[in-house]
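J.: In UniProt numbering, the protein residues as written are 1 to 352.
1. Starting from residue 239 and walking both ways along the alpha helix (DSSP H), at which residues does that stretch end?
2. Return the residue from the list 337, 312 and 110 that minimises the CA-CA distance to residue 397.
3. Once DSSP output is grouped into helix, strand and coil, what is the label at residue 281?
4. Three or more C-beta pairs under 8 Å: does that hold for the stretch 49–67 against the stretch 116–124?
5. Between which two residues does the alpha helix (DSSP H) containing residue 101 stretch?
6. Considering only the alpha carbon of each residue, which of 281, 277 and 285 lies closest to residue 13?
7. For the beta strand (DSSP E) holding residue 80, just list the boundary residues, first then last.
8. Mind reading off the beta-carbon distance from residue 93 to residue 77? Whole number of angstroms is fine, and I expect it under 8 Å.
9. I'd like the span of the beta strand (DSSP E) that includes residue 317, first residue to last.
10. Using a 10 Å radius around the Cβ and a threshold of 16 neighbouring Cβ atoms, would you call residue 248 buried or exposed?
11. Can you check which of these residues, 316, 200 and 223, is closest to residue 235 by C-alpha distance?
12. Which class does residue 342 belong to by DSSP, given the choice of helix, strand or coil?
13. Can you tell me the Cβ-Cβ gap for residue 16 and residue 68, rounded? I've got them flagged as a contact below 8 Å.
14. Per DSSP, what kind of secondary structure is residue 135 in: helix, strand or coil?
15. Taking the C-alpha atoms as reference points, what is the distance between residue 216 and residue 241?
16. Does residue 57 get closer than 8 Å to chain C when you measure Cβ to Cβ?
17. Only counting the same chain, and skipping five residues up and downstream in sequence, which positions put a Cβ closer than 8 Å to that of residue 213?
18. Considering only C-alpha positions, which residue in the set 295, 294, 264 and 314 is nearest to residue 303?
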């Protein structure tokens, strides 16, 4: 993406979100408190740091206030929530336009990894208020498959762990594994979409490992981090008959990023963003200065689409800064892992 086009994209997003005819009630009201004029002062990606990180306001905002007026009644919006890892859940909305675009991009990235089409999916990911469940259903359908889901409540597991009820958390995870086993043993599924903790628990059951290696052609993992040693173990020893493809996403990102295709087994797992709509920066948590390539820092996410403006969002994850693909604004990230605490809350990943 040429520098001139980058700037025009940013200015187009500012016009959409801050024009009274097209912007959302939330941003049109918030504009008066910014201390700058987004229509004249935000000219390129480098200017986005002037925005405050306002995602905590999404814990209480009325979601209808987030829908841009430019959509009229044709927004086809759906409300989704974060996992509640760092406190009360935050809420966003996906317009029908963004959900379709996001799913199509995700599917294209899966094609780049050779993920098979016209096969059914087993998705051990949260549904309900979490977009990842809807994304699994829509992506499987787009690619010619059915999606088999399970009941998975990530907040309940995190609550059990936070309260010290580790045996109850383990029992709940066994309940999830039982649901996976029932689907694996009765249905012909070719793609497994699951979190690393679920894959690690699956690996403890020889009969399920055999089923996965016999039936599943691709495992898509995401939702919690996966350290390089465990990734190698799962890929090379536990599930050698499958291809592992990683995803890194969040509700505040309004989607996911996907592992860069073509990496060798010795290279770290690198995630490229859905640019220009979603871009990453890796910064020093104290100075907020971008760290040099190859060094670790905290991830800052910018999301700009007609659906939403969520920029300068400091994520709870650390990563190694990696050059983005040629012409792509921002950074790519590698070896993503959560911080121990964030905004005063202990970070508990649980099963998602």
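Yeah, the Cβ is synthetic: ideal placement off N, Cα and C, and Gly gets one too.
Keep in mind that this is a model prediction, so the values were computed, not measured.
T.: Considering the structure as presented:
1. No alpha helix (DSSP H) holds residue 239; DSSP gives it neither H nor E.
2. With the chain covering 1 to 352 only, the question about residue 397 has no answer from this structure.
3. In this structure, DSSP gives residue 281 an extended state, which the three-state scheme calls strand.
4. no
5. Unbroken alpha helix (DSSP H) run through residue 101: 96–112.
6. 277
7. 78–81
8. 4 Å
9. Where residue 317 is concerned, the enclosing beta strand (DSSP E) stretches over 309–323.
10. buried
11. When each option's Cα is compared against that of residue 235, the closest is 200.
12. Low per-residue confidence applies at residue 342: pLDDT is 49, beneath 50, and the placement is therefore not dependable, though the value from the model is reported in the following sentence. Strand.
13. 7 Å
14. It is helical.
15. Cα-Cα distance, rounded: 8 Å.
16. The structure shown contains no chain C, having only a single protein chain.
17. 239, 240, 241 and 242
18. 314
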